[in-house]
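As numbered in numbering that gives the first Met the number 0, residues 0 to 457 make up the sequence shown, in order.
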Amino acid sequence: METDTIAAISTPVGEGAIAIVRLSGEDAIPITNKLFKGNDLKTVDSHTIHYGKIVDPTTNEIAEEVMVTIMRGPRTFTREDVVEINCHGGLASVNRLLELVLSEGARLAEPGEFTKRAFLNGRIDLSQAEAVMDLIRAKTDKAMNVALKQMDGHLSNLIQTLRQQLLETVAHVEVNIDYPEYDDVEEMSHQMLIEKTTEVKSEIERLLQMAKQGKILREGLATAIIGRPNVGKSSLMNALVHENKAIVTDIPGTTRDVIEEYVNIRGVPLRLVDTAGIRETEDIVEKIGVERSRQVLKESDLILLVLNYGEQLTEEDVNLFKAVEGLEVIVIINKTDLDKQIDLEKVKQLSNNRPIITTTLIEDTGIDELEKAISDRFFEGELDAGDLTYVSNVRHIQLLKQSKQSLTDAMNGIEQGMPIDLVQIDITRTWELLGEIIGDTVHESLIDQLFSQFCLGK
Ligand code: GDP
Ligand code: ZN
Numbered sequence: 000m001e002t003d004t005i006a007a008i009s010t011p012v013g014e015g016a017i018a019i020v021r022l023s024g025e026d027a028i029p030i031t032n033k034l035f036k037g038n039d040l041k042t043v044d045s046h047t048i049h050y051g052k053i054v055d056p057t058t059n060e061i062a063e064e065v066m067v068t069i070m071r072g073p074r075t076f077t078r079e080d081v082v083e084i085n086c087h088g089g090l091a092s093v094n095r096l097l098e099l100v101l102s103e104g105a106r107l108a109e110p111g112e113f114t115k116r117a118f119l120n121g122r123i124d125l126s127q128a129e130a131v132m133d134l135i136r137a138k139t140d141k142a143m144n145v146a147l148k149q150m151d152g153h154l155s156n157l158i159q160t161l162r163q164q165l166l167e168t169v170a171h172v173e174v175n176i177d178y179p180e181y182d183d184v185e186e187m188s189h190q191m192l193i194e195k196t197t198e199v200k201s202e203i204e205r206l207l208q209m210a211k212q213g214k215i216l217r218e219g220l221a222t223a224i225i226g227r228p229n230v231g232k233s234s235l236m237n238a239l240v241h242e243n244k245a246i247v248t249d250i251p252g253t254t255r256d257v258i259e260e261y262v263n264i265r266g267v268p269l270r271l272v273d274t275a276g277i278r279e280t281e282d283i284v285e286k287i288g289v290e291r292s293r294q295v296l297k298e299s300d301l302i303l304l305v306l307n308y309g310e311q312l313t314e315e316d317v318n319l320f321k322a323v324e325g326l327e328v329i330v331i332i333n334k335t336d337l338d339k340q341i342d343l344e345k346v347k348q349l350s351n352n353r354p355i356i357t358t359t360l361i362e363d364t365g366i367d368e369l370e371k372a373i374s375d376r377f378f379e380g381e382l383d384a385g386d387l388t389y390v391s392n393v394r395h396i397q398l399l400k401q402s403k404q405s406l407t408d409a410m411n412g413i414e415q416g417m418p419i420d421l422v423q424i425d426i427t428r429t430w431e432l433l434g435e436i437i438g439d440t441v442h443e444s445l446i447d448q449l450f451s452q453f454c455l456g457k
């Protein structure tokens, strides 16, 4: 068991006026007490805050004015004794504080180690732990809500219910195996097996369907703006960025390989990616041809195709429509302040039932409608409802897919009249796979890997 005391700066470095050094473990309180001039922290009540000074024991110099929060386990995030030392921001002072704490015997926490301890000590399950990570990275309020719900145990409860159903099914099958002489038991088992597995499978499918939206909330909607030169792509880009507060960049400690800009469109994070150079694409079709542009554009979740109201449609425009066939597109007809030259009937026909928005970007009109179209596209009806559980985590999605597969195997087996104990193997496997989502049946190495993705100090 890990019982040593860990410490880390748990507020984003360089942000905010207050910084927190957090300690967790057996010696969290004694270590802090040695450095603290004020109340005797060893005797104070749990969950109390104390004002005082941090003194460097080697020089007797006062290092910091602080507020110290004492929380004794198990009523803490890690279930261990936890101390949070609040000091006035400033990188230098926080670092000094951390150094002092480390010199008194605490160990620098690995990334995610606080959350890992919470998990290992049974305070949270794995999907909740991962939600903490999502929360740290959440890009919009909606994404934050999803993470909060998951942390709250929504997904866990749902998975538990499904596992319970499978377990009951297996139990019935056991009866059947143990008492094969009861014909009606077999009859019933068959019926029940079909019913239960169908039920569980459709629930898994529902979760998977929502996963796409979950992913978008978490990672942002990869968005490309395309159109002929001069139609207003840059203007559109600027309008989107200016009208919407760009979303805060990642907290230091998480790594990102590419520069991305996020804008929050009514809860949908648009990720204007600049990797493949598809963010704003001039002449894409002209340069690389319809087929290759299709390949490039396929990486996008959303394409904003801009046309010019003041000009006739050209062959290039038509080619752009060809390049985006089958993809998620919103058509924008810009420059409606000019005399109409464009053939609107033709645009409708080319757009093929996709939304068409008219804008006059030099006057900033039409942006509202565009934003509405974007959010409608991704929060259609039910997805906006408050009590849904999104699956937003790649590992969960993988496990759900595998669960669905092994359940499908079971169902095929039932239909083909396979011996019931063989069917049972697939059902048990499904039960295990679902268990991995909440951490019931995971391997140690997976746990380490997962938690190392966290930010330091969480
Ligand atoms: P891009 O080449 O597609 O990126 O187009 P830009 O955004 O650079 O715009 C090209 C020109 O069209 C600029 O001079 C813009 O000011 C102008 N423009 C953009 N939107 C409108 C509009 O709604 N009406 C008019 N008349 N001009 C516009
Ligand atoms: Zn441009």
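The beta-carbon is built from N, C-alpha and C at its ideal position, and this holds for glycine as well.
Asked                                                                                                                                                                                          : Found
Could you give the residue range of the alpha helix (DSSP H) that holds LEU432?                                                                                                                : 419-437
Where does GLU60 sit, in a helix, a strand or coil, going by DSSP?                                                                                                                             : strand
What's the C-alpha gap between GLU290 and THR357?                                                                                                                                              : 28 Å
Quick one: is GLU63 buried, meaning 16 or more other Cβ sit within 10 Å of its Cβ, or exposed?                                                                                                 : buried
When the cut-off is 8 Å and only beta carbons count, does LEU306 lie next to chain C?                                                                                                          : In summary, chain C is missing from the structure at hand, where a single protein chain is found.
Between the stretch 108-124 and the stretch 53-71, are three or more C-beta pairs nearer than 8 Å?                                                                                             : no
Indicate whether ILE366 and VAL346 have their beta-carbon atoms separated by less than 8 Å.                                                                                                    : no
Are the CB atoms of VAL328 and LEU343 nearer to each other than 8 Å?                                                                                                                           : no
Along the chain, where does the beta strand (DSSP E) that runs through GLU83 open and close?                                                                                                   : 81-87
Using the beta-carbon count (16 or more within 10 Å), is ILE246 buried or exposed?                                                                                                             : Bear in mind that a pLDDT of 46 at ILE246, under 50, signals an unreliable position, so the number given afterwards is only what the model happens to contain. Buried, since its Cβ has 16 or more Cβ neighbours within 10 Å.
Just grab the DSSP bridge partners of LEU220 for me.                                                                                                                                           : LEU269
Going by other Cβ atoms of all chains shown within 10 Å of its Cβ, with 16 needed for buried, is ASP273 buried or exposed?                                                                     : For ASP273, the predicted structure reports a pLDDT of 43, less than 50, and the residue's modelled location is therefore unreliable. The matter cannot be settled from this model.
What does the alpha-carbon distance come out to for the pair ASP300 and LEU306?                                                                                                                : 20 Å
Starting from the C-beta of ARG106, find all residues in its chain whose C-beta is less than 8 Å away, skip the five residues before and the five after it, and write them out in chain order. : ASP3, THR4, ILE5 and ALA6
Using a Cβ-based criterion (distance less than 7 Å to any ligand heavy atom), does ASP80 qualify as near the ligand GDP?                                                                       : no
Would you call the CB atoms of ASP336 and ARG227 closer than 8 Å?                                                                                                                              : no
Pop quiz: LEU220 and PHE377 are said to be a contact at Cβ under 8 Å. What is the actual Cβ separation, rounded to whole angstroms?                                                            : 7 Å
On the CB-based measure, 16 or more other CB atoms within 10 Å of its CB, does PRO56 come out buried or exposed?                                                                               : exposed
Would you mind sorting LEU421 into buried or exposed? The rule is 16 or more other CB atoms within 10 Å of its CB.                                                                             : exposed
For the ligand GDP, which residues have a Cβ under 6 Å from at least one heavy atom, in chain order?                                                                                           : GLY226, PRO228, ASN229, VAL230, GLY231, LYS232, SER233, SER234, ASN333, LYS334, ASP336, LEU337, THR359, LEU360 and ILE361
Using 10 angstroms around the beta-carbon of LEU97, count the other beta-carbons present and answer buried if the total reaches 16, otherwise exposed.                                         : buried
Does PHE76 come out as helix, strand or coil in the three-state DSSP assignment?                                                                                                               : coil
Who pairs with PHE35 in a beta bridge, going by DSSP?                                                                                                                                          : ILE53
If you draw a straight line from the C-alpha of THR196 to the C-alpha of LEU34, how long is it?                                                                                                : 60 Å
Reducing DSSP to helix, strand and coil, say where ALA18 ends up.                                                                                                                              : strand
Could you check if ASN85 is buried or exposed, using at least 16 other CB atoms within 10 Å of its CB as the buried criterion?                                                                 : buried
Mapping DSSP to helix, strand and coil, what is LEU107?                                                                                                                                        : strand
Do you know offhand how far LEU192's Cα is from PHE76's?                                                                                                                                       : 41 Å
Name the residue from THR31, ILE203 and SER402 whose alpha carbon lies nearest to the alpha carbon of GLU431.                                                                                  : SER402
Distance, Cα to Cα, LYS321 vs MET209?                                                                                                                                                          : 29 Å
Which of helix, strand or coil does DSSP assign to ILE123?                                                                                                                                     : coil
Between the C-alpha atoms of GLY252 and SER45, what's the straight-line distance to the nearest angstrom?                                                                                      : Because the pLDDT of GLY252 is 32, which lies under 50, any placement of that residue in the model is unreliable, and the number read from its coordinates should be weighed accordingly. About 31 Å.
Are ILE302 and LEU271 closer than 8 Å when you measure CB to CB?                                                                                                                               : no
Apart from the five residues on each side of it in sequence, which residues of its chain come closer than 8 Å, Cβ to Cβ, to GLY276?                                                            : Annotation note: pLDDT 41 at GLY276 (below 50); position unreliable, no value reported.
Can you find the residues in the same chain that come closer than 8 Å, C-beta to C-beta, to LYS400, ignoring five residues on each side of it along the sequence?                              : LEU207
Residue range of the beta strand (DSSP E) that ILE332 falls in?                                                                                                                                : 328-333
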